[in-house]
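Below: the structure, in structure tokens.
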Amino acid sequence: SKAHNQASVGRPSISNSGMGEPGNYSGNNFMPANGLNVVQNQVLNLIKACPRPEGLNFQDLRSQLQHMPVASVKQAVDFLCNEGHIYSTVDDDHFKSTDAE
Amino acid sequence: LVRIQRNKAAALLRLAARNV
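Chains as they are written, first to last, in my numbering: chain A, 2 to 102; chain B, 625 to 644.
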């Protein structure tokens, strides 16, 4: 009886060099997919996440982003306002997001 | 408040203009 179990040694293992090297994007994490930078994204997410009808106020925003300078937070808010992602509600310190998802 | 509505409308317009 032949117990010849010849493993098919078909093709030599191709080492595909050149392709599929992950993590080769020289990471500038300043521009995630939607064209906003990191600060802007965080601000937008916080505002989106706020359940209050009048929106999130700037103080809350600041206290939740304490690792960031106030100026950048303010800048991000301004930017998001300009782009139409957020808008001010009861006063200039309360913001809601337009993308209601 | 009218103001809120107006701001929201304006914001939506800006967003729409962006996405064209």
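For every residue, glycine included, the Cβ atom is placed at its ideal position computed from N, Cα and C.
Beta-carbon contacts of residue i that lie in its chain and below 6 Å, excluding the five residues immediately before and after
{"i": "A:Asn58", "result": "Asp94, His95"}
Per-residue DSSP class, three states only, for residue i
{"i": "A:Asn38", "result": "coil"}
{"i": "A:Leu81", "result": "helix"}
Interface partners of residue i on chain B, CB under 9 Å
{"i": "A:Ile48", "result": "Chain B residues near A:Ile48: none, gap ~12 Å exceeds 9 Å."}
Chain B contact for residue i (CB, 8 Å cutoff)
{"i": "A:Ser89", "result": "yes"}
{"i": "A:His154", "result": "Residue 154 of chain A falls outside the range modelled here, since chain A spans only 2 to 102, and no answer is possible."}
{"i": "A:Asn35", "result": "no"}
Own chain residues within Cβ distance below 8 Å of residue i, not counting five before or after
{"i": "A:Tyr88", "result": "Cys82, Phe96, Lys97, Thr99"}
{"i": "A:Arg63", "result": "Val71, Val74"}
{"i": "A:Val78", "result": "Val44, Phe59, Leu62, Ile87, Phe96"}
Per-residue contacts from residue i into chain B (C-beta, under 8 Å)
{"i": "A:Asn38", "result": "Neighbours of A:Asn38 on chain B: none; closest Cβ ~16 Å, over 8 Å."}
{"i": "A:Asn83", "result": "Arg638"}
Pair within 8 Å by beta-carbon distance, residue i and residue j
{"i": "B:Arg630", "j": "A:Gly85", "result": "no"}
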